[in-house]
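Just add 141 to the spot in the sequence shown (first one is 1) and you have the numbering used here. The beta-carbon is built from N, C-alpha and C at its ideal position, and this holds for glycine as well. Please read these numbers as outputs of a predicted model, since none were measured by experiment. Worksheet for the structure shown next.
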Amino acid sequence: DETLRRMNRRYTSQMYRERCALLRQYFEAPALTTDVIVGFPGETKEEFAASYAFVQEMRFYETHIFKYSRRQGTRAAAMPAQISEAVKTKRSREMLALGEAHTKEYLTSFLGREVEVLLEEKEMSVDGKSQMAGYTREYIRASVPFMEGMRAGSLVKARPQRVTGENHVACELVAGRSF
């Protein structure tokens, strides 16, 4: 919260937490994402630890991490206690690893569940087989085996079988569903 205050943000971590809880109350498994700046001037070890603990608690689908970059002429550029590049890099790596673990955890939570996929494009190949790719309602990139008649804009029922890459799941089609 001290870092947010120095950044002139008009919200606190508690306000953010409450709004995320509200979304989770009304939507099943919403794909919550956030941006995190590490190494803002004056960020102490304790403040970084608090930010890390907050991201750990919130378990975002995606966490976009940025190292603070000094811009001449800004208020932050003139602030004391600028953070060294080495410390920013270390903190960034730690937060990136946490975010990647949460993304994989989120994607894995969909394995075996029925989802709808809005098809967008035919992919050349996934595991040597023609695929159609698109997105679920939660904005998870998903691929399904290509079948004659499939086209962009089709909505299909599918069941994710495995995580194949960053924000991507390979699915099987649910039997009896036309497109």
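{"Query": "CA nearest to the CA of Leu252, picked from Lys298, Arg303, Glu262", "Result": "Arg303"}
{"Query": "Limits of the beta strand (DSSP E) - the one that Gly275 falls within", "Result": "270-277"}
{"Query": "Collapsed DSSP secondary structure at Ala222 in the structure displayed", "Result": "coil"}
{"Query": "Start and end residues, beta strand (DSSP E) containing Ala170", "Result": "Taken as a continuous stretch (DSSP letters only), Ala170 belongs to no beta strand (DSSP E), as it is neither H nor E."}
{"Query": "Ser295 in three-state terms, based on DSSP", "Result": "coil"}
{"Query": "Nearest-angstrom Cβ-Cβ length linking Arg300 and Glu261, presumed shorter than 8 angstroms", "Result": "Rounded, the Cβ-Cβ distance is 19 angstroms, inconsistent with contact."}
{"Query": "Run of the alpha helix (DSSP H) containing Arg147, from where it starts to where it stops", "Result": "143-147"}
{"Query": "Contact set for Lys245: own chain, Cβ-Cβ below 8 angstroms, skip 5 residues either direction", "Result": "Val304"}
{"Query": "For Gly240 and Ala274, the rounded distance between their alpha carbons", "Result": "24 angstroms"}
{"Query": "Ile224 to Leu259 span [Cα, whole Å]", "Result": "44 angstroms"}
{"Query": "The segment 166-175 touching the segment 210-224, judged by at least three CB pairs closer than 8 angstroms", "Result": "no"}
{"Query": "Helix, strand or coil at Leu237 [DSSP, three-state]", "Result": "helix"}
{"Query": "From Arg146, Lys208, Leu248, Glu257, residue whose alpha carbon lies closest to that of Arg234", "Result": "Lys208"}
{"Query": "Secondary structure of Ala316, DSSP reduced to three states", "Result": "coil"}
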